[in-house]
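Comments concern the structure below.
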Amino acid sequence: MSAPAALIVTLGCPKNQVDSENLESLLNKHGIHTVSSVSDASVIIINTCGFIEDAKRESINEIISLTAEKASGKKILVFGCLAERYRDELMTEIPEIDAIWGVGKEDDIVRYCKTSDGLAEEKHGEKKTSSNLPYAYLKAAEGCNRKCSFCVIPAIRGGFRSFPIEEIVQKAKEHIDAGKRELILVAQDLTSYGSDTSSSLNTLIRKVAALAGDFWLRLLYLYPTSLTDELIACVRDEEKVLKYFDIPFQHSEERVLKAMGRGGSSTQYLKLIEKIRSEIPNAVFRTTFIVGHPGETHHDFTALTSFVNEAQFDHVGVFAYSDEEGTPSFGMTKKVSEKTKKTRIDDIMMLQAKISYEKNLKLIGGTYPALIDEVGEGVLIGRLQRHAPEIDGNVIIELNNGEKIDADILSGYINVTITDASEYDLTGKLFKLPMQLTLLIEKLDSCLRRNDKKTEY
8 MSAPAALIVT LGCPKNQVDS ENLESLLNKH GIHTVSSVSD ASVIIINTCG
58 FIEDAKRESI NEIISLTAEK ASGKKILVFG CLAERYRDEL MTEIPEIDAI
108 WGVGKEDDIV RYCKTSDGLA EEKHGEKKTS SNLPYAYLKA AEGCNRKCSF
158 CVIPAIRGGF RSFPIEEIVQ KAKEHIDAGK RELILVAQDL TSYGSDTSSS
208 LNTLIRKVAA LAGDFWLRLL YLYPTSLTDE LIACVRDEEK VLKYFDIPFQ
258 HSEERVLKAM GRGGSSTQYL KLIEKIRSEI PNAVFRTTFI VGHPGETHHD
308 FTALTSFVNE AQFDHVGVFA YSDEEGTPSF GMTKKVSEKT KKTRIDDIMM
358 LQAKISYEKN LKLIGGTYPA LIDEVGEGVL IGRLQRHAPE IDGNVIIELN
408 NGEKIDADIL SGYINVTITD ASEYDLTGKL FKLPMQLTLL IEKLDSCLRR
458 NDKKTEY
């Protein structure tokens, strides 16, 4: 039989993206190639998310939509967080699913694909990245030991387990060798890395940053009350580490944070932000908030908006509290209506849009390094160091008619001069040196090449 072709559909957070990349690597190693379109696939593998109600709904809708492909003989496989939590319900309600697994079952999925398609030959030593994008995620740990009252992640993924530094560094090296120019270190709680071993996050960061190559290192999911002075100094001092702080505060009010099982306060958080800005004046801040947690009052929400206004974040995401069965918050009283949650989301996002727009306006006229994620009709779509993939904005680089793009541009950094700004995205043009300076550089390069030839004899 011919080898199966697998399409991996990834839903949810960057941690799921890492799981999908690991699965793809295993599939490739065992002779099962991966494709990017439904029409080319014989097996469709859906990596689901079950964190909040919207994520569950998206996963279920995607599964149902793709089961229509069974009419053409394709197999539908499901794994991930939603499958871990609702395996029996999914199999009962969507019988078109051929097989289902929870988290951490990539080997079982590969075994199923090989067995069900009669594939006997294995390929050893073949690993490839999941896409042609210039960035890749590095998963530092699995699970979480935090006791957030609204969160199902510990129940799904278990307690916090740090991955060995040597494995993470080796994976980073593979990504760099494959041409990746941005590595994104992720975990459910990155600041806890090493708390279960003899290592530390600072050590991990320094070892990855010490690898040869020209790349950015971005950190995602830094727990606010565990963000130490030593970590701030590490980010400040390591040249390859982006000065980008993704800190999910979730709320500002001590009473609400206590109900969420998190701790902290607006005063404590503002001091942390001030500390980081004093050490790293150009630091970029991203955060997320949950509105409508049981017991959140109008006064609490008003205080949250004041906190957002004072903190002046660069990027903000806001989620409506989702009542998840089995969590402590599920049994709490004083629920907030869906209508009120939506209004509160809109209010925060309107405030943040104004803040983001004012910050983006200040970038106009400046020239910054960018990575290109996508090539469009007459435009390049990329990101500055201030933009994490998929969750922040983009820089849209407009090309002149007939302007040719060197292939190297798409695999490295380019300099972009910002010409316009909106609330979330920037517009720019390729930065070009003045002709006289370009000719001078070419002349110097020529001289250096001649000198190099002379030293060869």
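Numbered according to our numbering, the sequence shown terminates at residue 464, and the numbering increases by one at each position without gaps. We put the CB at the ideal spot given by N, CA and C, even for glycine.
#1: Met356: beta carbon under 7 Å from a heavy atom of the ligand ATP?
#2: Using 10 angstroms around the beta-carbon of Gln177, count the other beta-carbons present and answer buried if the total reaches 16, otherwise exposed.
#3: With a 10 Å radius around its C-beta and 16 neighbouring C-beta atoms as the bar for buried, classify Ser6 as buried or exposed.
#4: Apart from the five residues on each side of it in sequence, which residues of its chain come closer than 8 Å, Cβ to Cβ, to Tyr119?
#5: Could you tell me if Glu281 is buried or exposed, where buried requires 16 or more neighbouring beta carbons within 10 angstroms of its beta carbon?
#6: In three-state DSSP terms, what is Thr204?
#7: With distances taken Cα to Cα, identify the nearest neighbour of Leu73 among Glu103, Ile163, Phe86, Glu91.
#8: Evaluate the contact criterion for the stretch 138-148 versus the stretch 254-262: three or more CB pairs, one atom per stretch, below 8 Å.
#9: What does a CB cutoff of less than 6 Å around Gln392 pick up in its chain, not counting 5 residues either side in sequence?
#10: Using 10 angstroms around the beta-carbon of Leu420, count the other beta-carbons present and answer buried if the total reaches 16, otherwise exposed.
#11: Could you pull the DSSP bridge partners for Ile403 from this structure?
#12: Consider the Cβ of Asp114: report whether some Cβ of chain C lies at a distance smaller than 8 Å.
#13: Take the Cβ of Ser44 as the centre, count every other Cβ of all protein chains shown within 10 Å, and call the residue buried at 16 or more, exposed below.
#14: Smallest Cα separation from Pro396: which of Ala12, Val16, Phe86, Gln24?
#15: Compare the Cα-Cα distances from Ala194 to each of Lys342, Val423, Cys20, His300 and report the closest residue.
#16: Residues in its own chain within less than 8 Å of Lys348 by CB, not counting five upstream and five downstream?
#17: Identify every residue that forms a DSSP beta bridge with Phe252.
#18: Could you pull out every residue in the same chain whose Cβ sits closer than 6 Å to the Cβ of Phe320, ignoring the five residues on either side in sequence?
#19: Do the stretch 261-272 and the stretch 49-63 meet, that is, are 3 or more Cβ pairs less than 8 Å apart?
#20: Would you report the Cα separation of Ile191 and Arg225, rounded to the nearest angstrom?
#21: Measure the alpha-carbon distance for Arg284 versus Val242 and round it to whole angstroms.
#22: Taking only the alpha-carbon atoms, compute the straight-line gap between Ala62 and Asp380 and give it to the nearest angstrom.
#23: Sorted by chain position, which residues of the same chain lie with C-beta nearer than 7 Å to Ile15's C-beta, five sequence neighbours on each side aside?
#24: Look at the alpha carbon of Lys203 and the alpha carbon of Val343, and state the distance between them as a whole number of angstroms.
#25: Can you tell me where the alpha helix (DSSP H) holding Ala90 begins and where it ends?
#26: Answer with buried or exposed for Met267, where buried requires no fewer than 16 other C-beta atoms within 10 angstroms of its C-beta.
#27: Taking C-beta to C-beta, are Ala147 and Gly333 nearer than 8 Å?
#28: To the nearest angstrom, report how far apart Thr312 and Tyr431 are at their CA atoms.
#29: List the DSSP bridge partners of Phe326.
#30: Could you tell me how far apart the beta carbons of Leu208 and Leu227 are, in whole angstroms, since I believe they sit closer than 8 Å?
#31: Report the rounded CA-to-CA distance for Ala75 versus Glu113, giving the unit in angstroms.
#32: Within the same chain, show all residues whose beta-carbon is closer than 7 Å to that of Thr232, passing over the 5 residues directly before and after it, in chain order.
#33: Taking all protein chains shown into account, decide if Ser46 is buried (16 or more other Cβ within 10 angstroms of its Cβ) or exposed.
#34: Cβ of Thr426 within 8 Å of Cβ of Phe438?
#35: Quick check: the Cα distance between Lys36 and Ile116, rounded to an integer number of angstroms?
#36: Classify Glu129 as buried or exposed, calling it buried when 16 or more other Cβ atoms lie within 10 Å of its own Cβ.
Result, derived from the coordinates:
#1: No copy of the ligand ATP appears in this structure; indeed no ligand is present at all.
#2: Reading the sequence shown from its first residue, position 170 is the one you call residue 177. Exposed, because fewer than 16 other Cβ atoms sit within 10 Å of the Cβ of Gln177.
#3: Only positions 8 to 464 of the chain appear in the structure, and residue 6 is not among them; the question remains open.
#4: Your numbering for residue 119 matches position 112 in the sequence shown. Excluding residues within five positions, the ones whose Cβ falls inside 8 Å are Leu84, Ala106.
#5: Position 274 of the sequence shown, counted from the first residue, corresponds to residue 281. Flag for Glu281 reads exposed.
#6: On the sequence shown, position 197 is the one that residue 204 refers to. The answer is coil: DSSP assigns Thr204 none of H, G, I, E or B.
#7: Indexing the sequence shown from 1 puts residue 73 at position 66. The residue from Glu103, Ile163, Phe86, Glu91 with its alpha-carbon nearest to that of Leu73 is Glu103.
#8: no
#9: For this step, residue 392 is matched to residue 385 along the sequence shown. Result list for Gln392: Leu249, in chain order.
#10: Looking up residue 420 in the sequence shown gives position 413. Note on residue identity: the sequence assigns Tyr, not Leu, to residue 420. Buried, by the Cβ-count rule.
#11: Here residue 403 refers to the residue found at position 396 of the sequence shown. Note: Ile403 sits in a beta bridge opposite Ile388, Thr434.
#12: No chain C appears in this structure, which consists of one protein chain only.
#13: To locate residue 44, count along the sequence shown from 1; it is residue 37. By the 16-neighbour rule on beta-carbons within 10 angstroms, Ser44 is exposed.
#14: Your numbering for residue 396 matches position 389 in the sequence shown. That would be Gln24, whose Cα lies nearest to the Cα of Pro396.
#15: Within the sequence shown, residue 194 is the residue found at index 187, counting from 1. For the residues Lys342, Val423, Cys20, His300, the minimum Cα distance to Ala194 belongs to Cys20.
#16: Indexing the sequence shown from 1 puts residue 348 at position 341. Same-chain partners within the cutoff: Val298, Gly299, Ala327, Tyr328.
#17: Start at 1 with the first residue of the sequence shown, and residue 252 comes out as number 245. According to DSSP, which records beta bridges pairwise, Phe252 is partnered with Phe292.
#18: In the sequence shown, counting from the first residue as 1, residue 320 sits at position 313. Apart from sequence neighbours up to five positions away, the residues of its chain that approach Phe320 with a beta-carbon distance below 6 Å are Phe292, Thr294, ordered along the chain.
#19: no
#20: What you label residue 191 is simply residue 184 of the sequence shown in a count that begins at 1. What you label residue 225 is simply residue 218 of the sequence shown in a count that begins at 1. So the two alpha carbons sit approximately 5 Å from each other.
#21: In the sequence shown, counting from the first residue as 1, residue 284 sits at position 277. In the sequence shown, counting from the first residue as 1, residue 242 sits at position 235. Arg284 and Val242: Cα-Cα distance of roughly 12 Å.
#22: Locating residue 62 in the sequence shown gives position 55, where the first residue counts as 1. Locating residue 380 in the sequence shown gives position 373, where the first residue counts as 1. Asp380 has its alpha-carbon roughly 25 Å from the corresponding atom of Ala62.
#23: Here the question's residue 15 lines up with position 8 in the sequence shown. Excluding residues within five positions, the ones whose Cβ falls inside 7 Å are Ser27, Leu30, Glu31, Thr41, Ile52, Asn54.
#24: To locate residue 203, count along the sequence shown from 1; it is residue 196. To locate residue 343, count along the sequence shown from 1; it is residue 336. First, the amino acid is wrong: residue 203 is Asp here, not Lys. So the alpha carbons of these two residues sit roughly 37 Å apart.
#25: Taking the first residue of the sequence shown as position 1, residue 90 is located at position 83. Segment 88-92, the alpha helix (DSSP H) holding Ala90.
#26: Counting from one through the sequence shown, the residue named residue 267 turns up at place 260. So Met267 ends up on the buried side.
#27: In the sequence shown, counting from the first residue as 1, residue 147 sits at position 140. In the sequence shown, counting from the first residue as 1, residue 333 sits at position 326. Cβ atoms of Ala147 and Gly333: not closer than 8 Å.
#28: Looking up residue 312 in the sequence shown gives position 305. Looking up residue 431 in the sequence shown gives position 424. Near 19 Å, if we compare the C-alpha coordinates of Tyr431 and Thr312.
#29: Along the sequence shown, one-based indexing puts residue 326 at 319. Answer is Ile297, bridged to Phe326.
#30: On the sequence shown, position 201 is the one that residue 208 refers to. On the sequence shown, position 220 is the one that residue 227 refers to. Contact doesn't hold; Cβ gap of about 12 Å is too wide.
#31: On the sequence shown, position 68 is the one that residue 75 refers to. On the sequence shown, position 106 is the one that residue 113 refers to. Whole-angstrom Cα-Cα distance: 24 Å.
#32: The residue you call residue 232 lines up with position 225 of the sequence shown. Cβ within range, chain order: Gly270, Gly271.
#33: Numbered from 1 along the sequence shown, position 39 holds the residue referred to as residue 46. Burial call: exposed.
#34: To locate residue 426, count along the sequence shown from 1; it is residue 419. To locate residue 438, count along the sequence shown from 1; it is residue 431. Not in contact: Thr426 and Phe438 (Cβ atoms no closer than 8 Å).
#35: As a first step, residue 36 must be located in the sequence shown, where it is residue number 29. As a first step, residue 116 must be located in the sequence shown, where it is residue number 109. One C-alpha to the other measures close to 13 Å.
#36: Taking the sequence shown and counting its residues from 1, one reaches residue 129 at position 122. The predicted position of Glu129 is uncertain, since its pLDDT is 33 and thus under 50; a value taken from the coordinates is nonetheless stated next. Exposed is the call here.
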